[in-house]
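As structure tokens, the structure follows; a few thoughts come after it.
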Amino acid sequence: MSKAWTFGENLNTDEIIPGRFNITIDPLELAKNVFCEIKPEYAKSVNAGDIIVGGQNFGCGSSREHAPIAIKGSQAKCIIAPSFARIFFRNAINIGLPILECPEAAEDINEGDDVEVNLATGEIFNRTNGHSYQARALPDFVLKIADAGGIVNFLKEHDIEELMK
Amino acid sequence: MGTLIEEIFSRRAGRPVQAGEILLLDVDYIMSHDNTTPLAIKAFREIGKPIYDKNRIVLHLDHAYPAPNVLAAENHKKIFEFVKEQNLPHLYHQGVCHQVMIEEGYITPGAIIIGADSHSNTYGALGAFGAGLGSTEIGVAWVTGKCWFKVPETIRIELTGKTQHGVYAKDVMIYIAGLMGMDGGTYRSVEFGGEYITSLPMNERIVFPNMSTEIGAKCGLIAADEVTLEYLRAQTPAQGNYEMIRPVNPRYERVVKIDVSTIAPQVACHPDVDNVKPLEEVAGLEVHEVYIGTCTNARYEDIEIVANILKGKQVHPFTRVIVTPASQRIYKKAMQNGLIDILLDAGCTVTGTGCGACIGRHGGILAAGERALTTMNRNFIGRMGSPEAEIYLASPATAAATALTGKITDPRELLGK
Ligand code: SF4
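Going down the list, the sequences are from chains A and B. Numbering of the first sequence is given in the working numbering, commencing with residue -3 and proceeding in unit increments. Numbering of the second sequence is given in the working numbering, commencing with residue 100 and proceeding in unit increments.
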């Protein structure tokens, strides 16, 4: 099962991972302290494939990539929110952490719900209450980056122009 | 045909583009600083391809410079070694990156600049597209010379009227942050225009795109005009014949109209930049530190406003008043014109240039229970040190008035009239 972990509005990058832990860029190290001040139980009991559900403007604040890296390091499958802060959105895509914009799902999903997500189609199904939601499908180039495991890996094998082809 | 951002991107793409399209565009300059360059170097090494064009890379040491601890020193060392190894031509340690980018002529109308810093939006003040992004993308742009962008929808903020005496661009922008909220401009290009904007000199204009970041905008833009071209000619090495790109029959998602003559001095209060109040509602709150600095408000004219208010007076004995000029050039001019003497005589501490206390690494860190009033753009909890300290944002004039009394004070009381 994929458990949902819910968060509030305007969650900033310091709440995702406080600046004092940004002395490393090791995803697994960062993951140990992800959300430590606002939801300390997350890092202890998250399972690979769990899903983060946030509020408006998820990931606002600094341009540091530590925040999405920490979430990716925790093995979460994706983030669902009504909207993301712009730089967080880009950073997440570029490091290969899928993010879905879906206000209905973000509103309706409760902490602990069992949620299934199809990244290619944007379909979200909440097994706990039987509701389904439709996020916008991710653009092709985003899926290409996600499939390669991030833009750095993509560029090892391809030219940047291939992103848009 | 389109909004300012559509016009700028259309020229670069070589065809008309519209909001919603995703483009891969050539970038003119790729900016990063001591905080973000090390991660970009890591991405660059992992990609394993050569630099596309060294001339487009501009590096700064400003966030923790001179190094306040060993970790920062290691970062600086890493950057110097990289610059030598790759033989990069543009490395600066002359002040806050955004100010130096403008002073050194990297920012020109219609240019596309990406920076590993969230306030790279600042460049929009000169009609350039400037946007912040993460270090990985900086490393990617070093080897490709390109970056992907989604053409954003535009919110137009139309500013009319004249501000009252003692009210500055910063007050107007703080007011806008309160009105729009922290996510009011998310993914959007925010175009600032109207007779108020066109009447402003460059130093005041810069405040708006700079703080468009605080309302979540992708970029904040002001169309280039004669003021822009004159500023470039007189104050920077950028001496080209730049096109004054303007919106042409634009379709805005939203137009927000504000008459600035109704705005009184404003303060963005702890703990959010959109927790905005007219100054009179918080007047009298005790302040332990006044910090005048950063890419938002530490230009020559800001320091001049502060010096005029402090001249011949003494700052409050229990308030630390710290002035960090945004760049070496500003520092030097302030020194030559006697402003630094005035500040020192009034009891201020004038520090070296750079980001200073803005990110709580050095030069004015706050203790628990303390309150600061600053000319910064951001008041996140813990930004200047202890998470139990409070940060209030205001104009340089309000900062100077507050420095004298040790309490949040309306500058109009001191400016006369
Ligand atoms: S002065 Fe502050 S806001 Fe500006 S670039 Fe430096 S740290 Fe960022």
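For each residue, glycine too, the CB sits at the ideal point set by N, CA and C.
Problem - For Ile402(B), the three-state DSSP class (helix, strand or coil) - result: The residue labelled residue 402(B) in the question sits at position 303 within the second sequence. Residue state, collapsed to three classes: helix.
Exercise for the section: Report yes if the C-beta of Arg287(B) is less than 8 Å from at least one heavy atom of the ligand SF4; otherwise report no. Expected result: Counting from one through the second sequence, the residue named residue 287(B) turns up at place 188. Shortest gap from the CB of Arg287(B) to any heavy atom of the ligand SF4: 8 Å or more.
Handout entry: the stretch 368 to 375 of chain B touching the stretch 401 to 416 of chain B, judged by at least three CB pairs closer than 8 Å
Key = Contact between the stretch 368 to 375 of chain B and the stretch 401 to 416 of chain B is absent, because fewer than three Cβ pairs lie under 8 Å.
Problem - Rounded C-alpha distance that separates Leu138(B) from Ala382(B) - result: Here residue 138(B) corresponds to residue number 39 of the second sequence, with the count starting at 1. Here residue 382(B) corresponds to residue number 283 of the second sequence, with the count starting at 1. Leu138(B) and Ala382(B): Cα-Cα distance of roughly 43 Å.
Practice task
Closer than 7 Å, Cβ to Cβ, to anything on chain A: give me those residues from the stretch 305 to 316 of chain B, in chain order.
Solution key: In summary, the residues of the stretch 305 to 316 of chain B whose CB is separated from some CB of chain A by less than 7 Å are Gly315, in the order they occur in the chain.
Practice task
Take Val30(A) and list the residues in its own chain whose beta-carbon comes closer than 8 Å to its own, dropping the five residues that flank it on each side.
Solution key: Position 34 of the first sequence, counted from the start, is the residue given in the question as residue 30(A). Excluding residues within five positions, the ones whose Cβ falls inside 8 Å are Ile12, Ile13, Tyr38, Ala39, Ala66, Ile67, Gly69 and Ser70.
Exercise for the section: List the residues of chain A that Trp247(B) touches, going by C-beta distances under 8 Å, in chain order. Expected result: Along the second sequence, read from residue 1 onward, the residue named residue 247(B) stands at position 148. At a C-beta separation below 8 Å, Trp247(B) has these neighbours in chain A: Phe137, Leu159 and Met160.
Practice task
My understanding is that Val126(B) touches Cys246(B), with C-beta atoms under 8 Å, so please give their C-beta distance in whole angstroms.
Solution key: As a first step, residue 126(B) is located in the second sequence; it is residue number 27 there, counting from the start. As a first step, residue 246(B) is located in the second sequence; it is residue number 147 there, counting from the start. That pair is a contact at about 5 Å.
Handout entry: Neighbour-count burial assignment, Gly4(A), 16 or more Cβ in a 10 Å radius
Key = As a working note, residue 4(A) is residue 8 in the first sequence. Around the C-beta of Gly4(A), fewer than 16 other C-beta atoms lie within 10 Å, and the residue is accordingly described as exposed.
Exercise for the section: Tell me, to the nearest whole angstrom, how far the beta carbon of Gly244(B) is from that of Asp133(B); I am working on the premise that it is less than 8 Å. Expected result: Taking the second sequence and counting its residues from 1, the one referred to as residue 244(B) is at position 145. Taking the second sequence and counting its residues from 1, the one referred to as residue 133(B) is at position 34. About 23 Å; that fails the 8 Å criterion.
Practice task
Would you mind stating whether Pro364(B) and Gly265(B) have Cβ atoms separated by less than 9 Å?
Solution key: By one-based count along the second sequence, residue 364(B) stands at place 265. By one-based count along the second sequence, residue 265(B) stands at place 166. The answer is yes: Cβ separation under 9 Å.
Practice task
Establish whether the CB of Ser485(B) and some CB of chain A are separated by less than 9 Å.
Solution key: Working through the second sequence from its first residue, we reach residue 485(B) at position 386. For Ser485(B), the answer is no, since every Cβ of chain A falls outside 9 Å of its Cβ.
Practice task
Return no unless some Cβ of chain A is closer than 9 Å to the Cβ of Asp282(B).
Solution key: Indexing the second sequence from 1 puts residue 282(B) at position 183. Closer than 9 Å to some Cβ of chain A, the Cβ of Asp282(B) qualifies, so yes.
Practice task
Pull up the distance between the alpha-carbon of Val194(B) and that of Arg353(B), whole angstroms please.
Solution key: As a position in the second sequence, residue 194(B) is number 95, starting the count at 1. As a position in the second sequence, residue 353(B) is number 254, starting the count at 1. Correcting the residue identity first, residue 194(B) is Gly in this sequence and not Val. One C-alpha to the other measures close to 36 Å.
Exercise for the section: Please state whether DSSP places Gly238(B) in a helix, a strand or coil. Expected result: Within the second sequence, the letter at position 139 stands for residue 238(B). Looking at Gly238(B) - three-state DSSP - the assignment turns out to be helix.
Practice task
Return the residue from the list Ile156(B), Val449(B) and Ala496(B) that minimises the CA-CA distance to Ile429(B).
Solution key: If you number the second sequence from 1, residue 429(B) lands on position 330. When only C-alpha atoms are compared, the closest one is Val449(B).
Problem - Closest by C-alpha distance to Ala142(B), when choosing among Ile237(B), Leu158(B) and Pro165(B) - result: Start at 1 with the first residue of the second sequence, and residue 142(B) comes out as number 43. Looking at the Cα atoms, Ile237(B) is the closest of the given residues.
Handout entry: Distance between Ile211(B) and Thr235(B) (C-alpha atoms, nearest Å)
Key = The sequence position of residue 235(B) within the second sequence is 136, counting from 1. The sequence position of residue 211(B) within the second sequence is 112, counting from 1. Between Thr235(B) and Ile211(B), the alpha-carbon positions lie close to 18 Å from each other.
Exercise for the section: Say whether the stretch 275 to 283 of chain B touches the stretch 495 to 514 of chain B, bearing in mind that this needs 3 or more beta-carbon pairs closer than 8 Å, one atom from each stretch. Expected result: Cβ pair count under 8 Å is below three, so no.
Problem - chain B contacts made by the stretch 103 to 127 of chain A, where a contact means CB separation under 9 Å - result: Residues of the stretch 103 to 127 of chain A whose Cβ lies closer than 9 Å to any Cβ of chain B: none.
Handout entry: Spatial distance of Gly468(B) from Ile254(B) (CA atoms)
Key = In the second sequence, counting from the first residue as 1, residue 468(B) sits at position 369. In the second sequence, counting from the first residue as 1, residue 254(B) sits at position 155. Taking the straight line joining both Cα atoms gives about 39 Å.
Exercise for the section: Give a single yes or no on whether Gly455(B) has its beta carbon closer than 8 Å to a heavy atom of the ligand SF4. Expected result: One-based indexing of the second sequence puts residue 455(B) at position 356. At least one heavy atom of the ligand SF4 is nearer than 8 Å to the Cβ of Gly455(B), so yes.
Problem - For Asn476(B), the three-state DSSP class (helix, strand or coil) - result: Residue numbering aside, residue 476(B) sits at position 377 when the second sequence is read from its first letter. In this structure, Asn476(B) counts as coil in the three-state DSSP scheme.
Problem - Range of the contiguous alpha helix (DSSP H) that encloses Ala63(A) - result: Position 67 of the first sequence, counting from 1, holds the residue named residue 63(A). Looking at the DSSP string, the run of the alpha helix (DSSP H) that includes Ala63(A) is His62 to Gly69.
Exercise for the section: Spell out whether any CB of chain B is found under 9 Å from the CB atom of Asp155(A). Expected result: Your numbering for residue 155(A) matches position 159 in the first sequence. Chain B contact via Cβ: present.
Practice task
Count the other C-beta atoms from every protein chain shown that fall within 10 angstroms of the C-beta of Asp81(B), then say buried if there are 16 or more, exposed otherwise.
Solution key: No answer is possible for residue 81(B): it lies beyond the span of chain B, which begins at 100 and ends at 516.
Practice task
Would you check whether the ligand SF4 has a heavy atom nearer than 8 Å to the C-beta of Asp133(B)?
Solution key: Taking the second sequence and counting its residues from 1, one reaches residue 133(B) at position 34. Result no, Cβ not under 8 Å from the ligand SF4.
Problem - Neighbour flag for Gly57(A) against chain B, beta carbons, 9 Å - result: Here residue 57(A) corresponds to residue number 61 of the first sequence, with the count starting at 1. Yes, its Cβ sits closer than 9 Å to a Cβ of chain B.
Problem - Neighbour-count burial assignment, Pro424(B), 16 or more Cβ in a 10 Å radius - result: Mapped onto the second sequence, residue 424(B) falls at position 325. Taking all protein chains shown into account, Pro424(B) has 16 or more neighbouring C-beta atoms within 10 Å of its C-beta and is therefore buried.
Exercise for the section: Using a Cβ-Cβ cut-off of 9 Å, state whether Gly4(A) counts as contacting chain B. Expected result: On the first sequence, position 8 is the one that residue 4(A) refers to. No, Gly4(A) does not count as interfacial toward chain B.
Problem - Start-to-end residues for the alpha helix (DSSP H) that takes in Ala172(B) - result: Here residue 172(B) refers to the residue found at position 73 of the second sequence. In the DSSP assignment, Ala172(B) falls within the alpha helix (DSSP H) that extends over Val169 to Gln185.
Practice task
For my contact list, Ala276(B) and Ile314(B) are in at a C-beta cut-off of 8 Å; report their separation, rounded to the angstrom.
Solution key: The residue given as residue 276(B) occupies position 177 in the second sequence. The residue given as residue 314(B) occupies position 215 in the second sequence. The beta carbons of Ala276(B) and Ile314(B) sit about 6 Å from each other, so the pair counts as a contact at 8 Å.
Handout entry: Inter-residue Cα distance where the pair is Arg86(A) and Arg477(B)
Key = Taking the first residue of the first sequence as 1, we reach residue 86(A) at position 90. Taking the first residue of the second sequence as 1, we reach residue 477(B) at position 378. Going from the Cα of Arg86(A) to the Cα of Arg477(B) covers about 21 Å.
Problem - Per-residue DSSP class, three states only, for Ala496(B) - result: Taking the first residue of the second sequence as position 1, residue 496(B) is located at position 397. Look at Ala496(B) here: in three-state DSSP terms it is helix.
Practice task
Would you mind working out which of Cys32(A), Ala144(A) and Met160(A) sits nearest Asn90(A), comparing C-alpha positions?
Solution key: On the first sequence, residue 90(A) is found 94 positions in, with the first residue counted as 1. Closest option to Asn90(A), judged by alpha-carbon separation, among Cys32(A), Ala144(A) and Met160(A): Ala144(A).
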